[in-house]
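Residue numbers (this note's numbering), protein chains in the order written: chain H, 1 to 245; chain U, 246 to 490.
Virtual Cβ for every residue (Gly too), placed ideally from N, Cα, C.
Fair warning: this is a prediction, and the values are worked out from it, not measured in the lab.
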DNA sequence: TATCCGCCGGATACAACGTACACATCGACG
DNA sequence: CGTCGATGTGTACGTTGTATCCGGCGGATA
């Protein structure tokens, strides 16, 4: 009798990760829990980047065998879903309501802060992943936008516009910051110095005169806060004018 | 003298990938060239996704030994840089000038089209990677924005805002589209049907009333063109009003 | 109290990956 | 004709995700 308790013949429509999570924990005596797994993995990713999160490394950090975590996640993809949901759970979404614009603005700023605190999230987070804490973000936005006379599609367009800007903008910021960190460049000047050979060669091709002029004239190249918020306010301006909010 | 200084070492200052590429090809009779490598890799990624691009697979496609490509790229990272630069080279950036707004709009639309045609680029492309064809994008934008009375920093802010929106927005779009394709769901209804179990469970928690209302009221959920362009026009509106262009 | 069963974590194993390294080969130039 | 540098080959190693089988503990049941 080969106790074949494999995933069985039928596909895999069974309970989702989040549904399993929500069930009361069968016993409080187990050494491993999804929360512990998520926190350990997040700690590794925060400290050494997403690539350092290895099933073996994670197991080592938890003091268990390499395959142990597979009791709780079906594979590495689900582990990352778990990690992302875990950090999204730390978002302080309970700020008081103050009108749609202020709410959307703080939401954007909070999302950026979250990504900066956990740079691996921009690579790992799939927008619209159906995880509880990630869903709380559009929920918050929709709540703030309700009652403004917008239909559902436009509400979604507003939400997507703002989060699209945030995600793209922060991705660029973090890509550069990560590159800088892993190469050991401390400030912007040192970064430019390290990039100088490539850059000067490219500029000497003479094909980028406008870009070159920017390089000479810009003075706030190293102020990501200013860059982010300037763009954000422009985006919010645009939403206000186009949808007459 | 410990002088270990991990990042210091100054290990790889040699000529960059692009500098090497620009040198005259030493002999026109070699079977392998960076162009051929890039095209083969792009073809694989277009057909089967970025994960299918393997050094061995690429070598097989080119009819050479697994390690052969390493004569031209220092590793897989450089291979991907090469791939991205290759597809950026297909951008038709020579459209006539028609004012900053029209230029920025078509640039955004073209970038979206490029990402949709090669979905792996949103994962692979690091913004501000210093490759010739990628640099041509900000060059084009700066050219269109020059003479509008903006200082260099604001010009960059405008560029970053638009490309940030494009990148983030298209990333979301492609993530969903890719998911749908690899699961074999044909249209939006089938996607929603497949996601229904997860979705209904989440909705039944009662924690997302506004999101749930959106699900019921929305009618253009499956029109990504409309979503993208609506957001884009809002962003451009915002830039125009905030910087009085 | 004795028994059984289902959940848990451990151990082993495998295929695929990126890539280091030494070797063979071939055209060009002295 | 001999030498040399550039090009592609062959082999091998360490690491990764994960399939599979096992032993054992604990609580419900008899």
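Taking all protein chains in view, the Cβ of residue 293(U) is surrounded by fewer than 16 other Cβ atoms within 10 Å, so the residue is classified as exposed.
For the set 370(U), 352(U), 346(U), 316(U), the Cα lying nearest the Cα of residue 287(U) is the one of 370(U).
Listed by position along chain U, the residues whose Cβ is nearer than 7 Å to that of residue 67(H) form an empty set, because the closest Cβ is around 23 Å away. The beta carbons of residue 476(U) and residue 157(H) sit closer together than 7 Å. Cβ-Cβ separation between residue 276(U) and residue 332(U): approximately 23 Å, too far for a contact (criterion under 8 Å). Under the 7 Å criterion on CB atoms, residue 164(H) is classed as interfacial with respect to chain U. At a cut-off of 7 Å between C-beta atoms, residue 363(U) does not count as an interface residue with respect to chain H. DSSP places residue 87(H) in the helix class (H, G or I) of the three-state scheme.
Within the segment 47-116 of chain H, the complete alpha helix (DSSP H) segments of 4 residues or longer fall at 55-62, 76-88, listed in chain order. With respect to residue 153(H), residue 463(U) sits close: the two C-beta atoms are nearer than 7 Å. Residue state for residue 148(H) is assigned as coil, using DSSP reduced to three classes. Residues of the same chain with a CB within less than 7 Å of the CB of residue 326(U), apart from the 5 flanking positions on each side, are 262, 374, 376 in chain order.
With its beta carbon at least 7 Å from every one in chain U, residue 107(H) lies outside the interface.
Residue-level contact check: residue 483(U) touches chain H, since one or more beta carbons of chain H fall below 7 Å from its beta carbon.
The criterion of a C-beta distance shorter than 7 Å is satisfied by residue 242(H) and residue 479(U).
Identification of residues in the segment 464-476 of chain U having a C-beta nearer than 7 Å to some C-beta of chain H yields 464, 465, 472, 475, 476, given in sequence order. Per the Cβ contact rule, the segment 377-384 of chain U is in contact with the segment 197-214 of chain H (3 or more Cβ pairs under 8 Å). Contact annotation: residue 201(H) and residue 194(H) have beta-carbon atoms that are not nearer than 7 Å. Counting along the chain, the unbroken alpha helix (DSSP H) around residue 237(H) starts and ends at 224-242. Proximity of chain H to residue 478(U) at the Cβ level (cut-off 7 Å) is accounted for by 242, in chain order. Nearest in C-alpha terms to residue 175(H), of all of 281(U), 484(U), 368(U), 415(U), is 368(U). Here residue 395(U) is not near residue 345(U), since their CB atoms are 7 Å or more apart.
Of the other Cβ atoms in all chains shown, fewer than 16 fall within 10 Å of the Cβ of residue 428(U); this residue is therefore exposed. Judged by DSSP in its simplified three-state form, residue 142(H) adopts helix. Within the segment 413-437 of chain U, no beta strand (DSSP E) run of at least 3 residues lies entirely inside it. The beta carbon of residue 345(U) does not come within 7 Å of any beta carbon belonging to chain H, so the residue lies off that interface. When the Cα atoms are used, residue 33(H) and residue 15(H) turn out to be separated by approximately 17 Å.
About 19 Å separates the beta carbons of residue 469(U) and residue 171(H), which is beyond the 8 Å limit, so they are not a contact pair. The Cβ neighbour count for residue 67(H), taken over all protein chains shown within 10 Å, is under 16; the residue is labelled exposed. Chain-ordered listing is empty here: chain U has no CB closer than 7 Å to the CB of residue 79(H), the nearest sitting near 17 Å.
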